[in-house]
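Asker: Supplied in structure tokens, the structure appears directly below.
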Amino acid sequence: MDRFLSNAVNKIDSKGRVSVPAHFRSVVQKRGFIELYALRALDIQAMDVGGLDLLDRYEERIAQEDPFLQTADDMSFFVHGDGAFLKLDQDGRITVTDFIREHTGITKDVAFVGRGHFFQIWEPERLKAHGQAVRERLLKLRQAATSSRTAGQSE
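Its first residue numbered 1, the sequence shown is counted upward by one per residue in full-length UniProt numbering.
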């Protein structure tokens, strides 16, 4: 399996390190990532983390913009200025830096959430609240789609 799936919560040790879940480390290894790229998520208090392919995806999108417009400059600032490289030590741990803590609110535990080609790092209680909000939004979409189909059949 070469996708980041599932979720786990791990404790930060006394040196400020946290173990990346084993199944995530296996994806990192299979993909040949030496470093991880972490980017502050734009609209939520989480970090998006992946290999250089994550950074490449953002840079490809930036390259589609007119370099003389503010959008390209803003996107570059976001991708390059709000990102950082994380190194996995030999035991599969990363350091939870101030850069991560300030954006996420993480203090003693880290929630890891698979997102397919990348994963996210969250403060566990914020992740719980976000997960509930996501399920509520999806339920509303399902209910709206169901009532649209039902209304279409009765006409």
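Think of the CB as a built atom: it goes at the ideal place given N, C-alpha and C, for glycine as much as any other residue.
Could you say which of ASP48, ILE44 and SER26 lies nearest to ILE34 if we only look at CA atoms?
Answerer: The option with the nearest alpha carbon to ILE34 is SER26.
Asker: From ASN7 to GLY131, what distance separates their C-alpha atoms?
Answerer: 11 Å
Asker: Which stretch, first to last residue, makes up the beta strand (DSSP E) that contains PHE85?
Answerer: 83-87
Asker: Under 8 Å, do ARG40 and ASP82 count as touching if we go by C-beta distance?
Answerer: It is a contact, given that the beta carbons lie within the stated cut-off.
Asker: Could you tell me whether the segment 91-100 touches the segment 13-24, using the rule of 3 or more Cβ pairs below 8 Å?
Answerer: yes
Asker: Which one or two residues does DSSP pair with ARG40 in a beta bridge?
Answerer: MET47
Asker: Please report the distance separating the alpha-carbon of LEU138 from that of ALA46.
Answerer: Cα to Cα, LEU138 sits roughly 20 Å from ALA46.
Asker: So who's on the other strand from ARG142, going by DSSP bridges?
Answerer: Answer is none; ARG142 lacks a bridge partner.
Asker: Ignore the nearest five residues each way along the sequence and tell me which others in ARG126's own chain have a CB closer than 7 Å to its CB.
Answerer: GLN45 and GLY105
Asker: Rounded to whole angstroms, what's the CA-CA distance from LEU141 to ARG149? Just pull it up for me.
Answerer: 12 Å
Asker: Tell me whether LYS15 sits in a helix, a strand or coil according to DSSP, three-state version.
Answerer: coil
Asker: Quick check on this structure: which residue in LEU42, MET75 and ARG135 has the alpha carbon closest to the alpha carbon of GLN120?
Answerer: LEU42
Asker: Among GLN153, ASP13 and PRO21, which has the Cα closest to the Cα of ALA112?
Answerer: The sequence shown places Phe at residue 112, rather than the Ala named in the question. Considering only GLN153, ASP13 and PRO21, the residue with the shortest C-alpha distance to PHE112 is PRO21.
Asker: Who pairs with VAL9 in a beta bridge, going by DSSP?
Answerer: Beta-bridge pairing links VAL9 to ALA111.
Asker: For the alpha helix (DSSP H) that PHE99 lies in, which residues bound it at each end?
Answerer: 98-104
Asker: Cα-Cα, which of GLY50, VAL28 and GLN29 is closest to ALA38?
Answerer: Per the Cα distances, GLY50.
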